[in-house]
Structures are given as structure tokens and as C-alpha cells.
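Working notes, structure below.
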Amino acid sequence: MKWAVIVFPGSNCDEDAANAIVRVTGDSAVLVWHQQTSLEGYDAIVLPGGFSYGDYLRSGAIARFAPIMTAVHEQAQRGVPILGICNGFQVLTEAGLLPGGLLRNADLHFHCKMVELEVLNNRTPFTSAYQLGEIIRVPIAHGEGRYHADEETLTGLKEGDAVAFQYVENPNGSAMGIAGIVNERGNVLGMMPHPERAVAEFMQSEDGARLFQSVHDYVLAKEVSHAH
Amino acid sequence: MRTEPTPEAIEENSLYRAMGLTDDEYRRVVERLGRRPNYVETGLFGVLWSEHCSYKSSRAYLKKFPTSGPQVLQGPGENAGVVDIGDGIGIAFKMESHNHPSAVEPYQGAATGVGGILRDVFTMGARPIAFLNSLRFGPLEDGHTRYLFANVVAGIGGYGNCVGIPTVGGEAVFDPAYTHNPLVNAMCVGMLPADAIATGAAKGVGNPVFVVGSRTGRDGIHGATFASTDNPKEKERSAVQVGDPFLGKLLMEACLELISTGAVVGIQDMGAAGLTSSSAEMASRAGGGVELYLDLVPCRESGMSPYEMMLSESQERMLVVMEKGQESLAFDILHKWDLQVEEIGKVTDDGRLRLLFHGDVVADVPVSLLVDEAPVYQRCVVDRYHQPGLDVSLPVPSSNWEAAWLELLAHPTIADKRWIYQQYDTSVRASTLVGPGSDAALVLVPGTQKAVAMATDGNGRYVYLNPRVGGAIAVAEAARNVVCSGARPLALTNCLNFGNPEKPAIMRQFADAVEGMGEASRALDVPVVSGNVSFYNETGGTDIFPTPVVGVVGVLDALNRATPSSFQGDGHEVVLVGVDERGLDGSLYWQLQAGKPAGDAPYFRIEEEVRVQKLVQAAIAAGYVLAAHDVSEGGLAVALAEMAVGRGVGVQAQLIAGSPAGAFFGEAQGRILLEVADGQLETLQALAAAKEVPCQRIGRTGGAMVSMTVGSTDAMNVAVARLASVYNATLPERMNEPIAP
């Protein structure tokens, strides 16, 4: 299968994401420039971490106007798995593909460290390789990762089983300890932690690998079912 | 535009003084030029002959550093040094100070320090892979110090995190000597094909000269001269440049792409003294000249004069010389990254820097006079350094060893630094094998089975007490840290942070420290490949501790030999390699007891140091070593505690009777603690005997306590958990207090 990793000006985890995909799944991962307008032929799309457009105005606020985002919307509607990591999560909320927004961390500091996440939903294309309730270790590295939404949205997320990952110890003041959420259809995941930095022994955790593996398995299974 | 003073007025009213030239220097310019320089020209000489750009006080001494060796691909003189790590890969690295701006405007001062050193490294054609930083502040009890410290850390993170390069190491020291003059030294390390080093020479007559990146504004004018004077009252926050890390990231990507086309003849960062130093230095390296048409320089505001354009220190700008006929490559690539690019001049062969504006020649001076004939001063030096610590009377040590131990562990210089480095992205690029908190950082080299090791060090207290020995220790300790990580040290960069060079005693500190550093780098075979000098770190007549900071880069040839600095498990032997020397000279323990640095520099013998480092390299290569950590600030007791708290593994250590205080807290150099697997002790001891290195088993890992006994009477015994909580609490607790801008 073929993955697209979107490169905005200021993306800086694009290569890490592509390398992790190749390392874990053996699939091909193509860096797609923000000025492109089509994502035809890609089976999964990653919006990587970084500081797109310098996080000016608000993180993710300018990236959502990039030409490639029209194609991201189209593919989201088609059900293609779309993964937003860190800044990618911020872009997805700004683009309206996920609800809520990400604010500055409660203590106003940037935090980079390994954290524990609880898997709250393992019936998404991104989490099927995890056990429900499993605790995984994935690093965070962000200054604006405090998930925020109004009460109604939060209730909806909870009742709709849309919280995929929850911090075991909330590092940034996120509402309901949210580390990652999926959209209603389940094909768009946004998360602040970096699974691409937890795919090898030397990275102190390999727990991120199963996220990429889940997407890989999901796409292949879909192809098989289509073929039947 | 205001009218500029005439050459006559500049001379008559000594206006050149405010532009950074002394009376003698101005006369020298007039004499060599054969006429009075105009306003723009006076400005060019003012910045290029400043201490910051010309190294006029230090140059005579810096020649003493060893700078060559088979591992050196590029020595000093370029934007960064480069060493060979094999497999066709070169590692470019350099460290630079941003002390003066950080004292005035800490966030931007630190951020632009990181941005500047980043540009120095990618200018070489190297993909940056890591940052380190070395910080010195006053005590954190002071609200203003907390303000400076918090904002410097935020500024380093603000720039480094955004450009996507991990910050993997460094140190932070807190001492009253730095209260009014904090030190902010940033180091960048990059990777490049060994045969594709880009250089900063403006070669090839007729080749076009481009300015790329940010537009030129009125910010930072006179930043270089600002750093070369000591009067803090005159230092305005507005003279500090403002960084734009987003632009820095785009500029890095665009320049690396441009360099990889092979059409770049020369490239240089516009750092201190901006367009002036970059154009003059590039012309000087090529032995030619440059002609610039200043009407073409993209400016942020209208009405900027040639003087302002030439002296602006607006960040994120580069000067690039392209091969003639390949101009379109520059336009295509820079436009792809949405960056400004303008052809503003050409390379000439007449050896002159000629500036044209509105059709007039506004400056025309020989490049060699600007760059190569900058004055070199043999500053007045006192004959002999008066070692201040020898007069300090020492209180009788109390035998409450445990209290002293915990006090040292809680000292912010020693205490855990997570409060700092968790604000830095330490794992972006997904190549950090060992990040901050270890003796040295290790970063993987993709496509190989190697890692690059890097560490910074520099104990100003030791240099203050004995400049020559202290200078040597700075080199030895940084190299030792690299050795402890399992790697082989290759070369070093440095930042020489000193006080006012016009004081003969300070110049003696400088001369002796450089001498000592040179001796150690020669003996340890770690030549100096890049560096920088920061003078005038003084306030109100008081100078900082002379603080040469050394950054050593090494290579780990086999990834399975990466060696941690904390105990790995129970039931292993603990060995002290190096002499069991128990003097307390120069120790933090004595400083805390006496209220000021006391005694001589710690015990140090370069021949012993070399043997110890060689032995530990051999032992790690042979696979005997589970963990290695050098004995430094706080002595053996602190080193053992640090090894224990990492993974919560206790240790019982027993030393022979004699000088308990020195045994616990002495900072004698050339000592490394090793954790050795069961059954390997004899092999290690045989190896040590063959290499004539003292090597004694001092204990065994295991249990929940760290205990240390000297002879039969003096003992300390504290739970690992207690040590850890003291060690971890200091910085978060202190930084919870309000700050005072």
C-alpha cells in the first residue's frame, strides 16, 4: 500500500513519520508537498508534526488553507484513514475534520517526555492492534497540546466512543485527559503524542508501531473484501 | 534620509569612537587608506575591527591550539569545523556564545544564538542533527536570575523545537560569579558527505552574489560592537535581534537543497555585522573582491541608508555566490520555499569591497585592510596570576557527611536538569540514542552502525583558581564524558567566555587557560576545529569566572557499545578507575563551606588522564562495562548517587581509611566509575595493570540504599529514593517562585 505524508512549510516530523511507516509496515511512504492538489492513489494520509507556517496566528490555522487540504477533505469523505500527529492534529481541528481545539499547555511550558496512554477504543482503523484498556508508552513534544471543546462536544466524544487515547497522567491540562480522538466515522485520528517516535527499541518504546500496523492491516483487509 | 557626517566631521568630532574605533585604529585606517574614510566606510571598519569580529585581543593566543590531524576535514576559519567519522561521512560542528544579548533580552538573545549556530552548520552543506547548550547563571534565589534563566530556556526551545533539530545535551551551572553576566553558549552538530563540504569563499570573477532569506531591517545595528563593550547601561533591548525560527527552518531546507545542486560557489551566514562581515570575509577567503549594488537589497522599510543596510543584523539571511549561468536554480529553489532572493552584486578580482547606491560609490575599501589587517593586540598581561583560592581560609569540615551530601545533590549545578530539557524537543528526527541527562549524548547516523557522541563542559571555578590547569580540565572533562558514553573523542569546538581583556589579570587568565586547553587537546588528540571568543563579560568592574566551554564530538563505532551512565542492575562490581586522590582543592564542597572558591584547581595530571581514557575505551570496546560515569562536581559521593538514582539501583561502596571529606567530595580529575558484570573484574584489572592505570574495586550494586564507607568510622547511608527526591526537587521548586523581569 501507499501512504502520503503531507509536507507543509515548517513541518519537521514528516521524514520521521515516513521512516516509521517504512520500518513498521514495509509500505511505501511519499512526501507530498502542500502545493499539490490531489491525493488520488494514496491508501492512507499522515499530517505530521512540526510548526506549519511557524504556528503563526494559531497552530494549524494557516495550514488549513493550503491547497492540499481540499484533497485531504475529499479523501476524508471517502473514508481513507487520515492520521494527524501533534501539529497534524492541530491542523485537523482547524480544518474542521475533528472537533475542538488545542490550546497552550496549562503550565505554559513546552513538554517533551515519554507518557503513558490508555487505549479507550480499539475498534478504529488506527487502534485495532491494541487491547482495549491497554497502557502504551509514546512520547509527547508540544507546547500547545491542551485539548479543549465545549461541554456538549466533550459529552458527544465520550458517548460516541471517540476518545481513542487518554493520558494516564494528564501532562498539559487536556479536557478529559484527551490525547487523541477520532471523527464519527472513525477514519480520521488526531493525537498529540508521537507514535513515529516509538517504533524501535532504542526509542525506549515500540508501542507506536502497532498504530501504523493497524492502518496497514485495515487497508489490506478492505482491499481483500473489495476483491471478494 | 538624515544627512551623514562628512569625513572631516568624523575626524574632527571623533565620531568614529561611537562607531567602535579607537583613536589609534582610526588613524591606522586613514593612513592605510590614504584618505579619511566616509561615514559608511568608518562603520565597516568599526564593526569588522570590533573584538567580536576581529578577535584582536585573542588572535595571538588562539594560534597555540592544535588544529590538525587525520580526522580533521575542516579546521578553524570556516563557518564550522568538520571531522571524519568514516563511511564517507563528515560531522560539522561549532559552538557560539550569545551572552550579551541574552543578559538584556533573554528569550530573543538565546533564540537567535541557536538560529545563528544553526546557520553556521548548514552553511557547510551539513544537515543539522543536534543542538547542545551550555548555560551559566547566578543563584536561583534571585528573581531576576529566574527571569533570565526561564526565558533563556524558553528561547532555546522556541527556536530549536520549531526548526525540528533535537536538543540532546549540555550543562547548566549556577554561581554568583554569573549573576550579572549569564552565559548562553549554543552548539550545533550536522552531518554531510565528507567530500562535499561547502565553503564561504567568493570565488570566480563575475559570479553573481545573492542575498537570500529575510529582508534587511533596522534591527541589531551595532550588535557586534555592542558585544565588545562592557557598559551595561548602554545596552538597549532594541539592539538585540529578533529571530524567526520558521524562516530559519525554511532557509535551512532551501540552502541545503541549493547546495546539493553543486552550483553554489560560496555561502555564508549573515551573523554579526551582517552584510559587512559576510561579504568582506567571503571576498577575503577567495583573495578577491566583491561589488554590491545596495539599491537591490530587499529591505523591510523604505529609506534605509547604505550604512544601515551594511550594519543590520536582521536574522535568517545568507549571502550566496552562484556559478554564473546557474542563477535560475537559486530563484527556483528559493521561490519554492517562499523565500526572498535577490541578486545584489558580483565577484571581482580587484581585492576591494565596493558598495554602490543610487549610482554613487558609497564605499570602496581594500578587503585585506578590512579583514586581514585588522589590528592584533598584545594586550597587557600580568606576569603571574594571583591564584585567589590560595588565600581562602577553610572552615573545619563538619562530620555530618550525609547533610553535606544532600546539600550537594540539591545544588542546582548538580541537581537533575529535567526542568530544563523537558522544554526542549529531544527526540525529533527519531535518531536520539541517548539524550540529555547522560555523560554524553549519542545520535544515530542513518545508514550506518555508528552514532555521533557529543558533550560540553567547562568548569569556570577551576579556571578561576588556576587558569592553566582549569583550561586543561575543561578539555579533559568533555573528552572524558564522550569516552564514558562508549565513543572515541575526535575533535573539539569551544566558546572562550572571559571578562574584560583590557585588564592585565584577565588577559593572564585567558593566556593561561588557552595554554592549558592546547596542552590537553594535544595530549588527548582532540584538535580544535572551530570556536569563538566572548570578552567583556564583566559588570561594574567585576568579571565572571573565566569560563572556556568545550564541546567535544566523537564517534561510537559499534552501537552495542553505547554505555549508559547509571547502574543497570543488582549484583555488579563497582570499580574506580584512576588515582584515589583525596584533595578537596577547587571542589564545590569547599566553595559551599568557605562561601567562595577555595584552594587550587583540583588534582589533574594529563598523562594519567590520557591513560584513564584509553583504558576505559578499551574496556568498553571489550564489552566489560555495563555503565560508566566520570567523577566531577561533588566528587565520588555525588557520582555514585547519580549512577544510583537513574534506575533506582542501590550500591554499597567501601574505601580505605583516610581523608573522609576528600574521599566523599573531592573533585580530583581523571577518575571514572565503572559498573562491571560479574566475573569480568579480573579481566578488567589485568587490562588496567597492563596500561598502568590504578583500578580498584570499591563496591557492589544492589539494595535500596547508597552507602559509602571510608575506613571503619566515616559512613553515609541514604535510601536511593531519598537521594532521588532531593536530586529531582531543586529546579522545579526554585522555578515555582515568581520571576522578576
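Protein sequence lines, in the order shown, are assigned to chains A and B. Each residue of the first sequence is one higher than the last, beginning at 1 in the working numbering. Each residue of the second sequence is one higher than the last, beginning at 229 in the working numbering. Even glycine gets a Cβ: it sits at the ideal position worked out from N, Cα and C.
Inset, instruction - Tell me where the beta strand (DSSP E) around V230/A begins and ends. - result: The requested residue 230/A is not part of the displayed model; chain A covers only 1 to 228.
Legend entry - According to DSSP, residues forming a beta bridge with Y167/A: The residue you call residue 167/A lines up with position 167 of the first sequence. Answer is L117/A.
Inset, instruction - Give me the Cα-Cα distance between F359/B and V781/B, rounded to the nearest whole angstrom. - result: Translated into the one-based positions of the second sequence, residue 359/B becomes position 131. Translated into the one-based positions of the second sequence, residue 781/B becomes position 553. Rounded to the nearest angstrom, the two C-alpha atoms are 12 angstroms apart.
Legend entry - Contacts of G894/B in chain A (Cβ-Cβ under 9 angstroms): To locate residue 894/B, count along the second sequence from 1; it is residue 666. Neighbours of G894/B on chain A: none; closest Cβ ~35 angstroms, over 9 angstroms.
Legend entry - is_contact[E144/A, chain B] using C-beta, thresh 8 angstroms: What you label residue 144/A is simply residue 144 of the first sequence in a count that begins at 1. E144/A does not count as touching chain B.
Legend entry - P888/B versus S815/B: straight-line alpha-carbon distance, rounded: Start at 1 with the first residue of the second sequence, and residue 888/B comes out as number 660. Start at 1 with the first residue of the second sequence, and residue 815/B comes out as number 587. So the alpha carbons of these two residues sit roughly 14 angstroms apart.
Inset, instruction - Mind checking who W33/A pairs with in its DSSP beta bridge? - result: Along the first sequence, one-based indexing puts residue 33/A at 33. Partner residues in the beta bridge of W33/A, as assigned by DSSP, are V7/A.
Inset, instruction - Could you name the residues of chain A that T654/B contacts, counting a contact when the two beta carbons are closer than 7 angstroms? - result: Taking the second sequence and counting its residues from 1, one reaches residue 654/B at position 426. The contacting residues are C112.
Inset, instruction - Quick one: residues in its chain with C-beta nearer than 7 angstroms to the C-beta of D771/B, no 5 flanking neighbours on either side, listed in chain order? - result: Numbered from its first residue, the second sequence carries residue 771/B at position 543. A distance below 7 angstroms between beta-carbons, with the five flanking residues on each side excluded, links D771/B to the following residues of its chain, in chain order: G727, N728, I734, N765.
Legend entry - 7 angstroms CB neighbourhood of P970/B in its chain, flanking five on each side removed: With chain B represented from 229 up to 969, any question about residue 970/B goes unanswered, as that position is not in the structure.
Legend entry - the segment 39 to 56 of chain A touching the segment 11 to 25 of chain A, judged by at least three CB pairs closer than 8 angstroms: Touching, yes.
Legend entry - Bridge partners - C281/B, DSSP secondary structure assignment: For the purposes of this step, residue 281/B is taken as residue 53 along the second sequence, with counting starting at 1. C281/B is bridged by DSSP to nothing; it lacks a bridge partner.
Inset, instruction - Since I believe A511/B is in contact with L581/B (beta carbons under 8 angstroms), could you give me their beta-carbon distance rounded to a whole number of angstroms? - result: Here residue 581/B is taken as the residue at index 353 of the second sequence, counted from 1. Here residue 511/B is taken as the residue at index 283 of the second sequence, counted from 1. About 6 angstroms separates the two Cβ atoms, so the contact holds.
Inset, instruction - Put F893/B into one of helix, strand or coil per three-state DSSP. - result: For the purposes of this step, residue 893/B is taken as residue 665 along the second sequence, with counting starting at 1. In the structure shown, the three-state DSSP call for F893/B is helix.
Legend entry - Residues that Q880/B bridges to, as DSSP identifies them: Counting from one through the second sequence, the residue named residue 880/B turns up at place 652. Note: Q880/B sits in a beta bridge opposite R928/B, S935/B.
Legend entry - N233/A versus V215/A, H111/A, Q131/A, V199/A, residue with shortest Cα-Cα distance: Lying before the first or after the last residue shown, residue 233/A is absent from chain A, which here runs from 1 to 228.
Inset, instruction - Tell me whether N687/B sits in a helix, a strand or coil according to DSSP, three-state version. - result: Here residue 687/B corresponds to residue number 459 of the second sequence, with the count starting at 1. Coil at N687/B, not helix or strand.
Inset, instruction - Give me whichever residues DSSP pairs with I82/A in a beta bridge. - result: For this step, residue 82/A is matched to residue 82 along the first sequence. BP columns for I82/A point to I45/A, V188/A.
Legend entry - Span separating the alpha-carbon of P534/B from that of V492/B: In the second sequence, counting from the first residue as 1, residue 534/B sits at position 306. In the second sequence, counting from the first residue as 1, residue 492/B sits at position 264. Each residue's Cα considered, the two are about 26 angstroms apart.
Legend entry - Test: F474/B CB closer than 8 angstroms to a CB of chain E: Of the chains in the structure shown, none is chain E; the protein chains are A and B.
Legend entry - For H148/A, the first and last residue of its enclosing beta strand (DSSP E): Taking the first residue of the first sequence as position 1, residue 148/A is located at position 148. Taken as a continuous stretch (DSSP letters only), the beta strand (DSSP E) holding H148/A covers 146 to 148.
Inset, instruction - May I ask whether a heavy atom of the ligand NAD can be found less than 7 angstroms away from the beta carbon of G383/B? - result: Absent from the structure shown: the ligand NAD. Ligands present: none.
Legend entry - Same chain, Cβ closer than 8 angstroms to K158/A, neighbours up to 5 away in sequence not counted: Residue mapping note: residue 158/A aligns to position 158 of the first sequence, counting from 1. Once the five neighbours on either side are set aside, the close Cβ partners of K158/A are M176.
Legend entry - Contact with chain B by G84/A, beta-carbon distance below 8 angstroms: Here residue 84/A refers to the residue found at position 84 of the first sequence. Residue contact check for G84/A against chain B: no CB pair falls below 8 angstroms.
Inset, instruction - Keeping to the same chain, check which residues put their C-beta closer than 7 angstroms to that of A826/B; ignore five residues upstream and five downstream. - result: Taking the first residue of the second sequence as 1, we reach residue 826/B at position 598. Taken in chain order, the residues that qualify are G617, V620, L622, W818, Q819.
Inset, instruction - Name, going along the chain, the residues of the segment 555 to 574 of chain B whose beta-carbon falls closer than 8 angstroms to a beta-carbon of chain A. - result: So the list reads W565, D566, given in the order they occur along the chain.
Inset, instruction - Just mark W33/A as buried or exposed, buried being the case when its beta carbon has 16 or more other beta carbons within 10 Å. - result: Numbered from 1 along the first sequence, position 33 holds the residue referred to as residue 33/A. The residue is exposed, with fewer than 16 neighbouring Cβ atoms inside 10 Å.
Legend entry - Bounding residues of the alpha helix (DSSP H) (the contiguous stretch that carries K477/B): Residue 477/B sits at position 249 when you count from the first residue of the second sequence. That run of the alpha helix (DSSP H) goes 473 to 488.
Legend entry - Spatial distance of Q615/B from D828/B (CA atoms): The residue labelled residue 615/B in the question sits at position 387 within the second sequence. The residue labelled residue 828/B in the question sits at position 600 within the second sequence. One C-alpha to the other measures close to 7 angstroms.
Inset, instruction - Could I get the ranges of all uninterrupted beta strand (DSSP E) runs contained in the segment 565 to 603 of chain B, with 3 residues as the minimum, in chain order? - result: Given a length threshold of 3 residues, each whole run of the beta strand (DSSP E) inside the segment 565 to 603 of chain B is given here in chain order: 568 to 576, 580 to 585, 588 to 594.
Legend entry - Minimum C-alpha distance to G274/B - residue among V599/B, G699/B, V803/B: On the second sequence, residue 274/B is found 46 positions in, with the first residue counted as 1. The candidate whose alpha carbon is nearest that of G274/B is V599/B.
Inset, instruction - Taking the CB atoms as reference points, tell me whether T856/B and V866/B lie closer together than 8 angstroms. - result: Translated into positions along the second sequence, residue 856/B becomes position 628. Translated into positions along the second sequence, residue 866/B becomes position 638. Correcting the residue identity first, residue 856/B is Ala in this sequence and not Thr. Against a cut-off of 8 angstroms, the Cβ pair of V866/B and A856/B comes out as no contact.
Legend entry - For P460/B, the three-state DSSP class (helix, strand or coil): For the purposes of this step, residue 460/B is identified with residue 232 of the second sequence, where counting begins at 1. Bear in mind that a pLDDT of 47 at P460/B, under 50, signals an unreliable position, so the number given afterwards is only what the model happens to contain. In the three-state reduction of the DSSP assignment, P460/B falls in the helix class, which pools H, G and I.
Legend entry - Local conformation of F559/B per DSSP, three classes: Position 331 of the second sequence, counted from the start, is the residue given in the question as residue 559/B. DSSP places F559/B in helix when its eight states are reduced to three.
Legend entry - Residue burial classification, D798/B (beta-carbon count within 10 angstroms, cutoff 16): One-based indexing of the second sequence puts residue 798/B at position 570. D798/B should be labelled exposed.
Inset, instruction - Enumerate in chain order the residues of its own chain whose CB-to-CB distance from I449/B is below 8 angstroms, with the five nearest sequence positions on each side excluded. - result: Along the second sequence, read from residue 1 onward, the residue named residue 449/B stands at position 221. So the list reads A467, E536, L539, S540, E541, once near-sequence residues are dropped.
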